[in-house]
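Everything in the sequence shown is counted per my numbering, starting at 53 for the first residue and increasing by one.
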Amino acid sequence: MIGLFALCVLLWLSWPRPWLVIRHEGDPRWALPGEAGTRFTLRWMHSVEKEDWEEWFQVQSNGSIIITGTRFKTFGAGVPAHAGKETHLKAGWVVMTGIDRVVDPLAAQAAMAEHYRLIYDGHTLMLSRHNPPPILTFSVEYASVWSLLPALIRSWWAFEPRAAL
53 MIGLFALCVL
63 LWLSWPRPWL
73 VIRHEGDPRW
83 ALPGEAGTRF
93 TLRWMHSVEK
103 EDWEEWFQVQ
113 SNGSIIITGT
123 RFKTFGAGVP
133 AHAGKETHLK
143 AGWVVMTGID
153 RVVDPLAAQA
163 AMAEHYRLIY
173 DGHTLMLSRH
183 NPPPILTFSV
193 EYASVWSLLP
203 ALIRSWWAFE
213 PRAAL
């Protein structure tokens with residue numbers, strides 16, 4: 053009976069499944085469940101406006117990542133007047149939804165001054181680091197628990213309590 057249980061655990065740990073993997077210089081830093089429909093947010097402080105910005109992403113059934121929307125406080129240089137299907141104001145934020153554009157792999161330079169954060173399932177992970185700021189890539193990868201174990205452990209310990217949006 054113990055042998056059967058051990059075999060089941062080994063199979064479970066070895067079975068590939070979709071993960072949202074965040075890499076730095078090719079190494080997996082963090083890994084989170086990345087099934088189709090998984091949503092996450094990148095939040096940072098804009099370097100000119102000094103206001104928080106958010107971009108919302110979703111994993112598609114083919115494993116690609118799309119940007120679904122964004123919100124910010126003020127228009128600035130390089131910001132389109134319209135993106136996606138709808139632009140409106142909500143609680144002091146300019147909200148653009150229905151962007152639905154593939155951004156796979158997604159890359160972000162997480163400079164300390166911009167205070168980059170990943171919000172996943174309501175929890176916040178600080179992404180910014182001191183010089184040089186890391187260039188992080190986000191992609192969905194099919195892999196076993198074994199192959200991503202260090203990144204999974206880092207993810208479990210790195211998240212802060214529920215995000216205050």
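For each residue, glycine too, the CB sits at the ideal point set by N, CA and C. Treat the numbers as computed from the prediction; the structure is a model and nothing was measured.
Inset, instruction - Leaving aside the five residues before and after G121 along the sequence, list all residues of the same chain whose C-beta is less than 8 angstroms from its C-beta, in chain order. - result: Sequence index remark: in the sequence shown, residue 121 carries index 69 (1-based). Apart from sequence neighbours up to five positions away, the residues of its chain that approach G121 with a beta-carbon distance below 8 angstroms are E107, W108, G136, V147, M148, T149, G150, I151, ordered along the chain.
Inset, instruction - Classify P184 as helix, strand or coil using the three-state DSSP reduction. - result: As a first step, residue 184 is located in the sequence shown; it is residue number 132 there, counting from the start. When DSSP states are grouped into helix, strand and coil, P184 belongs to the coil group.
Inset, instruction - Locate the beta strand (DSSP E) running through A210, then write down its first and last residues. - result: Translated into the one-based positions of the sequence shown, residue 210 becomes position 158. Unbroken run through A210 is the alpha helix (DSSP H), 201 to 210; no beta strand (DSSP E).
Legend entry - Buried/exposed call for P202, threshold 16 Cβ in 10 Å: Position 150 of the sequence shown, counted from the first residue, corresponds to residue 202. Exposed, since its Cβ has fewer than 16 Cβ neighbours within 10 Å.
Inset, instruction - Give me the Cβ distance between V192 and G115, rounded to the nearest whole Å; I'm assuming they're in contact under 8 angstroms. - result: Numbered from 1 along the sequence shown, position 140 holds the residue referred to as residue 192. Numbered from 1 along the sequence shown, position 63 holds the residue referred to as residue 115. At roughly 4 angstroms, the Cβ-Cβ gap stays under 8 angstroms, so V192 and G115 are in contact.
Inset, instruction - Scan the stretch 126 to 179 and note each continuous alpha helix (DSSP H) run of 4 residues or more that stays entirely inside, going in chain order. - result: The stretch 126 to 179 contains no whole alpha helix (DSSP H) run of 4 or more residues.
Legend entry - Residues bridged to E106 [DSSP beta-bridge criterion]: Translated into the one-based positions of the sequence shown, residue 106 becomes position 54. E106 pairs with R95, R123.
Inset, instruction - Could you tell me whether the stretch 160 to 173 touches the stretch 94 to 102, where touching means 3 or more Cβ pairs closer than 8 angstroms? - result: Two segments are said to touch when three or more pairs of C-beta atoms, one from each, lie closer than 8 angstroms; by this definition the stretch 160 to 173 touches the stretch 94 to 102.
Legend entry - W82 - DSSP class collapsed to helix/strand/coil: On the sequence shown, position 30 is the one that residue 82 refers to. Judged by DSSP in its simplified three-state form, W82 adopts strand.
Legend entry - Assumed close pair L177, W82 - CB separation to whole angstroms, cut-off 8 angstroms: The residue labelled residue 177 in the question sits at position 125 within the sequence shown. The residue labelled residue 82 in the question sits at position 30 within the sequence shown. Between W82 and L177 the Cβ distance is about 7 angstroms, and since that is below 8 angstroms, they are a contact.
Legend entry - I187 and V155 closer than 8 angstroms at C-beta: Position 135 of the sequence shown, counted from the start, is the residue given in the question as residue 187. Position 103 of the sequence shown, counted from the start, is the residue given in the question as residue 155. In this structure, I187 keeps its C-beta atom at 8 angstroms or more from the C-beta atom of V155.
Inset, instruction - Please classify W71: does DSSP put it in a helix, a strand, or coil? - result: Taking the sequence shown and counting its residues from 1, one reaches residue 71 at position 19. W71 falls in the strand class under three-state DSSP.
Legend entry - According to DSSP, residues forming a beta bridge with T189: Along the sequence shown, one-based indexing puts residue 189 at 137. T189 is bridged to R75, A159.
Inset, instruction - Closer than 6 angstroms by C-beta to H76: which residues in its own chain qualify, once you throw out the five before and the five after it? Chain order, please. - result: Position 24 of the sequence shown, counted from the start, is the residue given in the question as residue 76. Apart from the 5 residues on each side of it in sequence, H76 sits with its Cβ closer than 6 angstroms to the Cβ of P186, L188 in its chain, given in chain order.
Inset, instruction - Give the C-beta separation of W71 and A195 to the nearest angstrom, bearing in mind that I take them to be a contact with Cβ-Cβ under 8 angstroms. - result: As a working mapping, residue 71 is identified with position 19 in the sequence shown. As a working mapping, residue 195 is identified with position 143 in the sequence shown. Contact holds; Cβ gap of about 6 angstroms.
Inset, instruction - Compute the beta-carbon to beta-carbon distance between S207 and L84, rounded to the nearest angstrom, for a pair I have assumed lies under 8 angstroms. - result: In the sequence shown, residue 207 corresponds to position 155, counting from 1. In the sequence shown, residue 84 corresponds to position 32, counting from 1. That belief holds up - the Cβ atoms of S207 and L84 are roughly 6 angstroms apart, short of 8 angstroms.
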